[in-house]
Every structure is written in structure tokens, then in C-alpha cells.
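Residue numbers (the numbering used here): 1 to 280. Below: one structure, written as C-alpha cells.
Printed below as a string of C-alpha cells:
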């Protein structure tokens, strides 16, 4: 077989704390990542004509700026197959500049697909090592689920699987640049927070988590829509609401599908991206 199609699931951050800034300019974090059912779809075919990227989203780059391109190049180089070719088609459903990890998840899916097509020569740890060279969030998506991520995101500790929550995803018109969000956070000079350990303990004990959600980057988003969306999600029955990652997507957690669907229906006319999904 030389062709495979696979999902690339999005994530939300149940917590995101900035624990320090490194000499290389990157930030250390403590963050609980949670995979959700919203997904892109990756179709990958082996060939002989280099790395080719295409997508239904014509705004995506098709060269080395694309995370899937870089992931494929790293994998083929790792196996000594730099002259081999691969065609990658990306069916996009995860919005960009949203804090949902779409590009990182796509790259992880490419690594897993190539590994499968070539007979699984690399372990998951090997795939994570390659993924970390593509982007800080890529290693998480090799395994997905519920995990505590530290360092720049490459230090991953799996947590007890979260019980199913229905998730409303709401993204305003404007996106947020991750580098700009971190730059604004640095300018705020906030003291370190310490919410994540309590969240991790609650998850591992199967306790309610809605009151423990926290994101250091919310105030650095620069978007008034974030607080407005959160207020409306709570008004429509969300147990918890938070901006995901560096934004600008906001998620609301619901216990039941009907309540989540009702909230999404009320918000759909106000924002360009409104989706319902669930934790996985």
C-alpha cells in the first residue's frame, strides 16, 4: 500500500501557564492539552517527485513554510530517503490562528502516516523527537488524549482520560499571532500563576474541572471579543469557558450535547466560526 488517509485532531488547552522565558527566546509552559473531535483530514501518497502539498484551503503555503512539508522532509531524511517523494493533501476544518493546533496536528499526522507506510521504523518517541523540530505542539499530537505538557511543549506526561465533555468552539473574525501574544504577555510583567497542578490532580481523580480552567495568555490576546464570547457561553449554560492556547478561539465545556448545540445555535449568527465537538 502506498496511500493512506488519516484524521488530524484539534486540541484545546484546559490550562496554559507561562513558567519562564528561555535564552533562545522561547517560553517554558505548563499546560494541559486535550484532544477534541474537530479534525483536518490528511491524504498521503508515496511517489518519486519530491514533496508536494495541496489543500482545499488555498491560503496554506505549499513549500517549506508548511508544517506538513517540514514533517515529511524530516522523516524522509531520518530514514535516508531524501530522494523519495510524497504527495500530501490537506482537507482543512481546523481554523488557523485559533489556538487549536491545526498545523501541528497536520504535521503529526504526516509523521504517523509515513511511519505506517514505511513499516513503522520509528517508535512514538522517535516521532515526537522529529515533531519537536517542526513545532512545539507537534509531539503532543503523536499520542493525543489528555496530557500535561511542559518545557516548550515537548515534555509530555499522559493523564487519566477525561470524561467526555461536549465542546463549543467559537472563533471571532480576528486571529491571534502566537509570537505577538507571547510578546504582549511579556510586556504585562505578570507574576507566575500556579493553577495547573490543581487541574492535573482533579483530572487524575476524576473530579470536576470547569472551575480550574486558566490561560495566562487571555489578557495578552488584545481582543475584547474573548471576554464577550466567554460571557455568552456561561449565559447559555457552559460549565467552563476559556480561550484556547494563544487564541483566538474560545471553547465552552458542556455536560450534555443538547445544551452545547443550543449554545452554538445562539452564537452562530454572531461569529464566523462556530462548531460543536467533544473531547476524545
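Where a beta carbon is used, it is the ideal one built from N, C-alpha and C, also for glycine. Just so you know, these numbers come straight off a predicted model, no measurement behind them.
Close beta carbons around residue i, own chain, < 7 angstroms, minus the five adjacent residues each side
| i | result |
| --- | --- |
| residue 67 | 103, 104, 106, 107, 134, 135 |
| residue 162 | 34, 146, 203, 279 |
| residue 210 | 239, 240, 253 |
| residue 183 | none |
| residue 26 | 152 |
Pairwise C-alpha distance: residue j and residue i
| i | j | result |
| --- | --- | --- |
| residue 109 | residue 8 | 6 angstroms |
| residue 123 | residue 139 | 12 angstroms |
| residue 363 | residue 120 | Outside the modelled stretch of the chain, which goes from 1 to 280, sits residue 363, for which no answer is possible. |
| residue 28 | residue 71 | 23 angstroms |
| residue 116 | residue 56 | 25 angstroms |
| residue 220 | residue 153 | 19 angstroms |
| residue 222 | residue 176 | 9 angstroms |
| residue 190 | residue 217 | 11 angstroms |
| residue 228 | residue 243 | 11 angstroms |
| residue 60 | residue 51 | 15 angstroms |
| residue 36 | residue 256 | 15 angstroms |
| residue 69 | residue 236 | 41 angstroms |
| residue 181 | residue 233 | 23 angstroms |
| residue 62 | residue 1 | 25 angstroms |
Proximity to residue i [Cα-Cα], best of the options
| i | options | result |
| --- | --- | --- |
| residue 131 | 266, 48, 73 | 73 |
| residue 250 | 99, 6, 70, 4 | 99 |
| residue 149 | 253, 240, 14 | 14 |
| residue 91 | 252, 137, 54 | 54 |
| residue 11 | 177, 172, 263, 96 | 96 |
| residue 21 | 201, 179, 266 | 179 |
| residue 155 | 137, 170, 171 | 137 |
| residue 93 | 256, 42, 220 | 42 |
| residue 157 | 201, 177, 194, 190 | 201 |
| residue 40 | 228, 1, 262, 5 | 5 |
| residue 87 | 45, 69, 236, 76 | 45 |
| residue 38 | 235, 58, 144, 2 | 144 |
| residue 76 | 58, 62, 118 | 118 |
| residue 58 | 2, 89, 47 | 89 |
Own chain, CB closer than 8 angstroms to residue i, minus 5 neighbours either side, in chain order
| i | result |
| --- | --- |
| residue 142 | 108, 111, 112, 124, 127, 128, 131 |
| residue 199 | 14, 15, 32, 209, 212, 213, 214 |
| residue 206 | 160, 163 |
Per-residue burial, residue i [other beta carbons within 10 Å of its own, 16 or more giving buried]
| i | result |
| --- | --- |
| residue 192 | exposed |
| residue 197 | exposed |
| residue 245 | buried |
| residue 258 | exposed |
| residue 225 | buried |
| residue 174 | exposed |
| residue 64 | exposed |
| residue 172 | buried |
| residue 188 | exposed |
| residue 24 | exposed |
| residue 186 | exposed |
| residue 101 | buried |
| residue 230 | buried |
Residues of its chain near residue i, where Cβ-Cβ distance is below 6 angstroms and the 5 sequence neighbours each way are ignored
| i | result |
| --- | --- |
| residue 260 | 166, 168, 254, 276 |
| residue 293 | Because the chain spans 1 through 280 in this model, residue 293 falls outside it and cannot be assessed. |
| residue 30 | 17, 19, 150, 196 |
| residue 247 | 99, 176, 221 |
| residue 271 | 170, 172 |
| residue 264 | 168, 274, 276 |
| residue 267 | 170, 274 |
| residue 83 | none |
Start and end residues, alpha helix (DSSP H) containing residue i
| i | result |
| --- | --- |
| residue 77 | 67-78 |
| residue 38 | Where residue 38 is concerned, there is no enclosing alpha helix (DSSP H), although the beta strand (DSSP E) it sits in stretches over 27-47. |
| residue 126 | 124-134 |
| residue 110 | 102-117 |
| residue 138 | 138-143 |
| residue 226 | 225-235 |
| residue 199 | 196-204 |
Opening and closing residue of the beta strand (DSSP E) in which residue i lies
| i | result |
| --- | --- |
| residue 59 | Element bounds for residue 59: n/a, residue is neither H nor E. |
| residue 15 | 3-21 |
| residue 163 | Run containing residue 163: none; DSSP gives neither H nor E here. |
| residue 91 | 85-91 |
| residue 252 | 250-254 |
| residue 220 | Note, residue 220: premise wrong, no beta strand (DSSP E); not H, not E. |
Contact with chain C by residue i, beta-carbon distance below 8 angstroms
| i | result |
| --- | --- |
| residue 146 | The structure shown contains no chain C, having only a single protein chain. |
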